[in-house]
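Below you'll find the structure, written out as C-alpha coordinates, and then a few comments.
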Amino acid sequence: SIVLCTVIGIIVGVMRLSNHKLSSGFGTVYVEIFRNMPLALLLFTISITVGNTLPNMADEFDIAGTILLSNQGIFTPAIDPGLLFIAILVPVLAKAYTTYADRDGFDDSDEGVRTRFRMWVGVFAVATAISLSNGWDVPTIWKRIPASPGSWVVEGGFEITLPFICIIAGLTIYTSAIVAEIVRGSIQSLPRGQIEAGISLGLTPFQRLRLVIMPQALRSMVPALNNQYMNVWKNSSLAMVVAYNDIFYINLVIVNKIGKAVPTFILILITYQVGSLVISAIMNLYNRRVTRVQI
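When we follow the working numbering, the leftmost residue of the sequence shown carries the number 621, and every step to the right adds one.
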(Lines of atoms letter the chains of each structure in order from A and count residues from 1; the text may use other names and numbers.)
(Lines give C-alpha, C1' and ligand atoms only; values in the text may rest on other atoms or scores of the structure.)
Protein backbone atom coordinates (compact mmCIF):
# COMPACT_ATOMS: atom_id res chain seq x y z
CA SER A 1 0.00 0.00 0.00
CA ILE A 2 2.84 2.41 0.79
CA VAL A 3 4.36 1.97 -2.66
CA LEU A 4 1.03 2.11 -4.48
CA CYS A 5 -0.30 5.14 -2.60
CA THR A 6 2.95 7.00 -3.31
CA VAL A 7 2.78 6.35 -7.05
CA ILE A 8 -0.94 7.13 -7.33
CA GLY A 9 -0.65 10.13 -5.00
CA ILE A 10 2.12 11.71 -7.08
CA ILE A 11 0.16 11.19 -10.29
CA VAL A 12 -3.07 12.62 -8.86
CA GLY A 13 -1.23 15.49 -7.17
CA VAL A 14 0.42 16.51 -10.43
CA MET A 15 -2.91 16.13 -12.25
CA ARG A 16 -4.48 18.65 -9.86
CA LEU A 17 -1.89 21.21 -10.98
CA SER A 18 -2.46 20.53 -14.66
CA ASN A 19 -3.86 23.22 -16.95
CA HIS A 20 -6.00 20.55 -18.57
CA LYS A 21 -9.46 20.92 -17.05
CA LEU A 22 -10.31 17.23 -17.33
CA SER A 23 -7.11 16.15 -15.55
CA SER A 24 -7.34 18.75 -12.81
CA GLY A 25 -11.06 18.06 -12.37
CA PHE A 26 -10.48 14.32 -12.04
CA GLY A 27 -7.73 14.91 -9.49
CA THR A 28 -9.93 17.25 -7.46
CA VAL A 29 -12.89 14.86 -7.46
CA TYR A 30 -10.65 11.93 -6.51
CA VAL A 31 -9.13 13.79 -3.58
CA GLU A 32 -12.34 15.32 -2.26
CA ILE A 33 -14.26 12.04 -2.38
CA PHE A 34 -11.76 9.61 -0.88
CA ARG A 35 -9.96 11.95 1.52
CA ASN A 36 -13.23 12.79 3.27
CA MET A 37 -14.55 9.22 3.41
CA PRO A 38 -14.07 7.21 6.64
CA LEU A 39 -11.56 4.44 6.00
CA ALA A 40 -13.70 1.74 7.63
CA LEU A 41 -16.64 2.67 5.39
CA LEU A 42 -14.39 2.65 2.32
CA LEU A 43 -13.06 -0.81 3.19
CA PHE A 44 -16.57 -2.16 3.72
CA THR A 45 -17.78 -0.65 0.43
CA ILE A 46 -14.86 -2.14 -1.52
CA SER A 47 -15.41 -5.54 0.08
CA ILE A 48 -19.11 -5.62 -0.80
CA THR A 49 -18.57 -4.26 -4.33
CA VAL A 50 -15.72 -6.60 -5.23
CA GLY A 51 -17.39 -9.61 -3.63
CA ASN A 52 -20.60 -9.05 -5.59
CA THR A 53 -18.83 -8.26 -8.86
CA LEU A 54 -16.45 -11.21 -9.13
CA PRO A 55 -17.89 -14.60 -10.19
CA ASN A 56 -18.21 -17.51 -7.78
CA MET A 57 -15.94 -20.54 -7.96
CA ALA A 58 -18.30 -22.46 -10.24
CA ASP A 59 -18.16 -19.64 -12.81
CA GLU A 60 -14.57 -18.55 -12.19
CA PHE A 61 -12.93 -16.34 -14.83
CA ASP A 62 -9.94 -17.93 -16.51
CA ILE A 63 -7.20 -15.77 -18.06
CA ALA A 64 -5.07 -17.64 -20.60
CA GLY A 65 -5.46 -20.85 -18.62
CA THR A 66 -3.01 -19.61 -15.96
CA ILE A 67 -4.84 -17.04 -13.80
CA LEU A 68 -8.11 -17.81 -12.03
CA LEU A 69 -10.35 -14.98 -10.84
CA SER A 70 -13.28 -15.52 -8.48
CA ASN A 71 -14.92 -14.09 -5.37
CA GLN A 72 -12.54 -16.25 -3.33
CA GLY A 73 -9.52 -14.38 -4.64
CA ILE A 74 -6.99 -14.39 -7.45
CA PHE A 75 -4.96 -17.51 -8.17
CA THR A 76 -1.79 -16.92 -10.18
CA PRO A 77 1.12 -19.13 -11.27
CA ALA A 78 3.74 -19.56 -8.55
CA ILE A 79 7.50 -19.28 -9.07
CA ASP A 80 10.12 -21.11 -7.05
CA PRO A 81 10.94 -18.82 -4.06
CA GLY A 82 14.68 -19.46 -4.28
CA LEU A 83 14.82 -18.59 -7.96
CA LEU A 84 12.61 -15.55 -7.35
CA PHE A 85 15.05 -14.30 -4.70
CA ILE A 86 17.98 -14.70 -7.10
CA ALA A 87 16.01 -12.97 -9.86
CA ILE A 88 15.31 -10.00 -7.56
CA LEU A 89 18.95 -9.93 -6.49
CA VAL A 90 20.16 -9.45 -10.08
CA PRO A 91 18.66 -5.94 -10.64
CA VAL A 92 19.57 -4.96 -7.07
CA LEU A 93 23.23 -5.76 -7.74
CA ALA A 94 23.00 -4.01 -11.10
CA LYS A 95 21.66 -0.89 -9.41
CA ALA A 96 24.47 -1.01 -6.84
CA TYR A 97 26.99 -1.25 -9.68
CA THR A 98 25.51 1.68 -11.60
CA THR A 99 25.43 3.78 -8.43
CA TYR A 100 29.12 3.07 -7.86
CA ALA A 101 29.97 3.68 -11.53
CA ASP A 102 28.14 7.03 -11.49
CA ARG A 103 29.87 8.30 -8.36
CA ASP A 104 31.75 10.86 -10.46
CA GLY A 105 28.81 11.76 -12.66
CA PHE A 106 26.28 10.21 -15.01
CA ASP A 107 26.97 9.95 -18.73
CA ASP A 108 23.86 11.62 -20.13
CA SER A 109 25.00 11.60 -23.75
CA ASP A 110 22.86 9.81 -26.31
CA GLU A 111 25.29 6.91 -26.48
CA GLY A 112 25.52 6.70 -22.69
CA VAL A 113 21.73 6.63 -22.32
CA ARG A 114 21.43 3.93 -25.00
CA THR A 115 24.13 1.85 -23.33
CA ARG A 116 22.42 2.13 -19.96
CA PHE A 117 19.07 1.20 -21.51
CA ARG A 118 20.54 -1.88 -23.20
CA MET A 119 22.15 -2.89 -19.92
CA TRP A 120 18.85 -2.74 -18.02
CA VAL A 121 17.05 -4.65 -20.75
CA GLY A 122 19.67 -7.37 -20.42
CA VAL A 123 19.43 -7.33 -16.63
CA PHE A 124 15.67 -7.83 -16.62
CA ALA A 125 15.94 -10.47 -19.35
CA VAL A 126 18.40 -12.42 -17.19
CA ALA A 127 16.20 -11.99 -14.10
CA THR A 128 13.16 -13.22 -16.03
CA ALA A 129 15.06 -16.22 -17.40
CA ILE A 130 16.27 -17.16 -13.91
CA SER A 131 12.83 -16.89 -12.33
CA LEU A 132 11.24 -19.05 -15.05
CA SER A 133 14.10 -21.53 -15.45
CA ASN A 134 12.30 -24.12 -13.32
CA GLY A 135 8.88 -23.41 -14.83
CA TRP A 136 5.93 -22.27 -12.78
CA ASP A 137 3.18 -23.91 -10.81
CA VAL A 138 -0.12 -23.21 -12.58
CA PRO A 139 -3.26 -23.28 -10.37
CA THR A 140 -5.90 -25.88 -11.22
CA ILE A 141 -9.49 -26.00 -9.97
CA TRP A 142 -11.43 -29.17 -9.36
CA LYS A 143 -14.41 -30.38 -7.34
CA ARG A 144 -13.73 -32.58 -4.34
CA ILE A 145 -17.32 -33.88 -4.14
CA PRO A 146 -18.92 -33.82 -7.63
CA ALA A 147 -22.48 -34.03 -6.27
CA SER A 148 -21.98 -31.12 -3.85
CA PRO A 149 -22.79 -27.57 -5.04
CA GLY A 150 -19.66 -26.30 -3.32
CA SER A 151 -16.43 -28.11 -2.38
CA TRP A 152 -14.38 -26.43 -5.11
CA VAL A 153 -10.64 -26.77 -4.51
CA VAL A 154 -7.76 -24.89 -6.14
CA GLU A 155 -4.43 -26.67 -6.13
CA GLY A 156 -1.08 -25.16 -6.94
CA GLY A 157 -0.27 -21.60 -7.82
CA PHE A 158 -0.25 -18.57 -5.55
CA GLU A 159 -3.42 -17.30 -3.90
CA ILE A 160 -4.22 -13.64 -3.29
CA THR A 161 -7.28 -13.71 -1.07
CA LEU A 162 -10.20 -11.34 -1.55
CA PRO A 163 -9.86 -9.73 1.93
CA PHE A 164 -6.19 -9.01 1.22
CA ILE A 165 -7.09 -7.36 -2.08
CA CYS A 166 -9.75 -5.25 -0.34
CA ILE A 167 -7.46 -4.05 2.47
CA ILE A 168 -4.68 -3.16 0.01
CA ALA A 169 -7.12 -1.34 -2.28
CA GLY A 170 -8.77 0.54 0.59
CA LEU A 171 -5.52 1.69 2.20
CA THR A 172 -4.10 2.67 -1.19
CA ILE A 173 -7.11 4.68 -2.35
CA TYR A 174 -7.60 6.47 0.97
CA THR A 175 -3.95 7.34 1.59
CA SER A 176 -3.19 8.27 -2.03
CA ALA A 177 -5.80 11.05 -1.81
CA ILE A 178 -3.93 12.53 1.16
CA VAL A 179 -0.55 12.02 -0.50
CA ALA A 180 -1.86 13.85 -3.57
CA GLU A 181 -2.58 16.92 -1.43
CA ILE A 182 0.90 16.71 0.10
CA VAL A 183 2.45 16.58 -3.37
CA ARG A 184 0.32 19.46 -4.63
CA GLY A 185 1.10 21.65 -1.63
CA SER A 186 4.84 20.92 -1.79
CA ILE A 187 5.02 21.78 -5.48
CA GLN A 188 3.01 24.98 -5.05
CA SER A 189 5.31 26.08 -2.21
CA LEU A 190 8.26 26.33 -4.61
CA PRO A 191 9.21 29.77 -5.94
CA ARG A 192 7.68 30.45 -9.34
CA GLY A 193 11.13 31.35 -10.63
CA GLN A 194 12.25 27.72 -10.45
CA ILE A 195 9.61 26.65 -12.95
CA GLU A 196 10.29 29.66 -15.17
CA ALA A 197 14.00 28.81 -15.14
CA GLY A 198 13.21 25.31 -16.36
CA ILE A 199 11.06 26.74 -19.14
CA SER A 200 13.83 29.15 -20.17
CA LEU A 201 16.23 26.19 -20.46
CA GLY A 202 13.88 24.53 -22.92
CA LEU A 203 12.98 21.63 -20.65
CA THR A 204 9.82 19.69 -21.40
CA PRO A 205 7.10 19.58 -18.71
CA PHE A 206 8.20 16.08 -17.68
CA GLN A 207 11.86 17.15 -17.51
CA ARG A 208 10.92 20.17 -15.40
CA LEU A 209 8.98 17.92 -13.05
CA ARG A 210 11.75 15.31 -12.77
CA LEU A 211 14.83 17.53 -12.73
CA VAL A 212 13.69 20.82 -11.18
CA ILE A 213 10.39 20.56 -9.32
CA MET A 214 10.34 17.17 -7.57
CA PRO A 215 13.92 17.24 -6.17
CA GLN A 216 13.14 20.53 -4.42
CA ALA A 217 9.59 19.62 -3.43
CA LEU A 218 10.86 16.49 -1.66
CA ARG A 219 12.35 18.67 1.07
CA SER A 220 8.91 19.62 2.36
CA MET A 221 7.18 16.48 1.11
CA VAL A 222 9.13 13.76 2.95
CA PRO A 223 8.26 14.71 6.57
CA ALA A 224 4.54 14.75 5.75
CA LEU A 225 4.83 11.46 3.84
CA ASN A 226 6.50 9.94 6.88
CA ASN A 227 3.34 10.54 8.90
CA GLN A 228 1.12 9.07 6.19
CA TYR A 229 3.25 5.95 5.81
CA MET A 230 2.99 5.31 9.53
CA ASN A 231 -0.76 5.87 9.28
CA VAL A 232 -0.94 3.19 6.58
CA TRP A 233 0.80 0.77 8.93
CA LYS A 234 -1.48 1.60 11.85
CA ASN A 235 -4.65 1.71 9.76
CA SER A 236 -3.97 -1.86 8.69
CA SER A 237 -5.51 -2.82 12.04
CA LEU A 238 -8.87 -2.17 10.33
CA ALA A 239 -8.35 -5.33 8.26
CA MET A 240 -10.97 -7.04 10.41
CA VAL A 241 -13.61 -4.95 8.61
CA VAL A 242 -13.00 -7.05 5.48
CA ALA A 243 -12.44 -10.29 7.44
CA TYR A 244 -8.68 -10.36 6.83
CA ASN A 245 -6.82 -12.31 9.51
CA ASP A 246 -4.19 -9.76 10.49
CA ILE A 247 -2.24 -9.71 13.74
CA PHE A 248 -5.01 -7.82 15.54
CA TYR A 249 -7.59 -10.45 14.60
CA ILE A 250 -5.27 -13.31 15.53
CA ASN A 251 -4.60 -11.80 18.95
CA LEU A 252 -8.33 -11.44 19.56
CA VAL A 253 -8.72 -15.14 18.79
CA ILE A 254 -5.95 -15.91 21.28
CA VAL A 255 -7.70 -13.81 23.93
CA ASN A 256 -10.93 -15.74 23.37
CA LYS A 257 -9.10 -19.06 23.63
CA ILE A 258 -6.83 -18.53 26.65
CA GLY A 259 -8.23 -15.38 28.26
CA LYS A 260 -4.85 -13.59 28.54
CA ALA A 261 -5.85 -10.16 27.28
CA VAL A 262 -3.07 -7.99 28.70
CA PRO A 263 -0.04 -9.89 27.26
CA THR A 264 -1.61 -10.24 23.83
CA PHE A 265 -2.52 -6.56 23.58
CA ILE A 266 0.98 -5.65 24.75
CA LEU A 267 2.25 -7.78 21.86
CA ILE A 268 0.01 -5.84 19.46
CA LEU A 269 1.30 -2.55 20.87
CA ILE A 270 4.92 -3.63 20.48
CA THR A 271 4.32 -4.87 16.93
CA TYR A 272 2.78 -1.62 15.71
CA GLN A 273 5.34 0.43 17.63
CA VAL A 274 8.28 -1.42 16.07
CA GLY A 275 6.75 -1.12 12.59
CA SER A 276 6.21 2.62 13.04
CA LEU A 277 9.77 3.12 14.29
CA VAL A 278 11.20 1.22 11.31
CA ILE A 279 9.20 3.32 8.84
CA SER A 280 10.19 6.51 10.66
CA ALA A 281 13.88 5.54 10.66
CA ILE A 282 13.87 4.80 6.92
CA MET A 283 12.09 8.05 6.08
CA ASN A 284 14.39 10.07 8.36
CA LEU A 285 17.42 8.62 6.55
CA TYR A 286 15.88 9.55 3.21
CA ASN A 287 14.98 13.01 4.52
CA ARG A 288 18.60 13.62 5.50
CA ARG A 289 19.64 12.60 2.01
CA VAL A 290 17.29 15.02 0.23
CA THR A 291 18.19 17.90 2.58
CA ARG A 292 21.96 17.57 2.35
CA VAL A 293 22.17 20.48 -0.08
CA GLN A 294 20.88 23.78 1.26
CA ILE A 295 18.87 25.93 -1.15
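Ideal Cβ placement from N, Cα and C applies to all residues, glycine included.
Because the structure is a prediction, the values reported are computed rather than measured.
CB of S644 within 8 Å of CB of L791, strictly: By one-based count along the sequence shown, residue 644 stands at place 24. By one-based count along the sequence shown, residue 791 stands at place 171. Contact flag unset, no.
Three or more C-beta pairs below 8 Å linking the region 878-890 and the region 689-698: At 8 Å Cβ cutoff, the stretches do not touch.
Assigned exposure category for I870 - 16 Cβ within 10 Å defines buried: Locating residue 870 in the sequence shown gives position 250, counting from the first residue. Exposed.
Where M850 falls, given that 16 or more other Cβ within 10 Å makes a residue buried: In the sequence shown, the residue the question calls residue 850 occupies position 230. A residue is called buried when at least 16 other Cβ atoms come within 10 angstroms of its Cβ; M850 meets this threshold and is buried.
Three-state secondary structure assigned by DSSP to T686: Indexing the sequence shown from 1 puts residue 686 at position 66. In this structure, T686 counts as coil in the three-state DSSP scheme.
Nearest-angstrom Cα separation, counted from L663 out to Y794: Within the sequence shown, residue 794 is the residue found at index 174, counting from 1. Within the sequence shown, residue 663 is the residue found at index 43, counting from 1. Note on geometry: alpha-carbon atoms of Y794 and L663 lie some 9 Å from one another.
Rounded distance between the beta-carbons of Y906 and W853, thought under 8 Å: The count along the sequence shown starts at 1 and reaches residue 853 at position 233. The count along the sequence shown starts at 1 and reaches residue 906 at position 286. The pair is not a contact, with the Cβ atoms about 16 Å apart (cut-off 8 Å).
P811 to Q836 span [Cα, whole Å]: Residue 811 sits at position 191 when you count from the first residue of the sequence shown. Residue 836 sits at position 216 when you count from the first residue of the sequence shown. The alpha-carbon of P811 is positioned some 10 Å away from that of Q836.
F646 to V632 span [Cα, whole Å]: One-based indexing of the sequence shown puts residue 646 at position 26. One-based indexing of the sequence shown puts residue 632 at position 12. V632 has its alpha-carbon roughly 8 Å from the corresponding atom of F646.
F646: CB within 7 Å of a non-hydrogen atom of the ligand GTP: Annotation note on the ligand GTP: not contained in the displayed structure, which lists no ligands.
Rounded separation between I815 and L703 - CA only: Along the sequence shown, read from residue 1 onward, the residue named residue 815 stands at position 195. Along the sequence shown, read from residue 1 onward, the residue named residue 703 stands at position 83. The straight-line gap from Cα to Cα measures roughly 46 Å.
Rounded straight-line distance, which links the Cα of R912 to that of I708: Here residue 708 refers to the residue found at position 88 of the sequence shown. Here residue 912 refers to the residue found at position 292 of the sequence shown. Taking the straight line from one Cα to the other gives about 30 Å.
Where T665 falls, given that 16 or more other Cβ within 10 Å makes a residue buried: If you number the sequence shown from 1, residue 665 lands on position 45. By the Cβ-count criterion, T665 is exposed, with fewer than 16 other Cβ atoms from all chains shown falling within 10 Å of its own Cβ.
As assigned by DSSP and simplified to three states, the class of V700: Walking along the sequence shown from the start, residue 700 turns up at place 80. A small fix is needed here, since residue 700 is Asp in this sequence, not Val. In this structure, D700 counts as coil in the three-state DSSP scheme.
For M841 and A863, the rounded distance between their alpha carbons: As a position in the sequence shown, residue 863 is number 243, starting the count at 1. As a position in the sequence shown, residue 841 is number 221, starting the count at 1. Distance between the alpha carbons of A863 and M841: 34 Å.
Segment contact, 8 Å Cβ cut-off, at least three pairs: the region 799-810 with the region 649-658: Yes: the two stretches touch, three or more of their Cβ pairs being nearer than 8 Å.
Rounded distance between the beta-carbons of T760 and E779, thought under 8 Å: By one-based count along the sequence shown, residue 779 stands at place 159. By one-based count along the sequence shown, residue 760 stands at place 140. Contact doesn't hold; Cβ gap of about 13 Å is too wide.
Selected residue, minimal CA-CA separation from N672, among N846, V910, C625 and L782: Indexing the sequence shown from 1 puts residue 672 at position 52. It is L782 whose Cα lies nearest to the Cα of N672.
Limits of the unbroken alpha helix (DSSP H) element including T781: Here residue 781 refers to the residue found at position 161 of the sequence shown. Per DSSP, T781 belongs to no alpha helix (DSSP H); it is in the beta strand (DSSP E), F778 to T781.
Burial state of V741, where buried means 16 or more other Cβ atoms lie within 10 Å: Looking up residue 741 in the sequence shown gives position 121. By the neighbour-count rule (16 or more Cβ atoms within 10 Å), V741 is not buried but exposed.
Where V861 falls: helix, strand or coil (DSSP): Locating residue 861 in the sequence shown gives position 241, counting from the first residue. V861: helix per DSSP, three-state reduction.
Whole-angstrom distance between V623 and F695, CA atom to CA atom: To locate residue 695, count along the sequence shown from 1; it is residue 75. To locate residue 623, count along the sequence shown from 1; it is residue 3. In this structure, the straight-line span from the alpha carbon of F695 to that of V623 is close to 22 Å.
Cα-Cα separation between R828 and V873, rounded to whole angstroms: If you number the sequence shown from 1, residue 828 lands on position 208. If you number the sequence shown from 1, residue 873 lands on position 253. Their backbone Cα atoms lie some 53 Å apart in a straight line.
4-residue-minimum alpha helix (DSSP H) runs that sit fully inside the region 788-835, ordered along the chain: Within the region 788-835, the complete alpha helix (DSSP H) runs of at least 4 residues are 812-820.
Option in F826, V733, I902 and M860 with minimal Cα separation from L659: Residue numbering aside, residue 659 sits at position 39 when the sequence shown is read from its first letter. Just measuring C-alpha positions, the residue of F826, V733, I902 and M860 sitting nearest L659 is M860.
I819 classed as buried or exposed, judged by whether at least 16 other C-beta atoms fall within 10 angstroms: Position 199 of the sequence shown holds residue 819. It counts as exposed.
Residue range of the unbroken alpha helix (DSSP H) whose run includes Q893: Counting from one through the sequence shown, the residue named residue 893 turns up at place 273. Segment A881 to V910, the alpha helix (DSSP H) holding Q893.
Nearest neighbour of L845, chosen from S806, V746, Y650 and G732 [CA to CA]: Reading the sequence shown from its first residue, position 225 is the one you call residue 845. When C-alpha distances from L845 are compared across S806, V746, Y650 and G732, the shortest belongs to S806.
D564 - DSSP class collapsed to helix/strand/coil: Shown here, the chain extends from 621 to 915; a query on residue 564 therefore has no answer.
Q848 burial status per 10 Å Cβ neighbour count (16 or more: buried): Within the sequence shown, the letter at position 228 stands for residue 848. Buried: at least 16 other Cβ atoms inside 10 Å.
Backbone secondary structure at D724 - three-state DSSP: Counting from one through the sequence shown, the residue named residue 724 turns up at place 104. Of the three classes helix, strand and coil, the one that applies to D724 here is coil, per DSSP.
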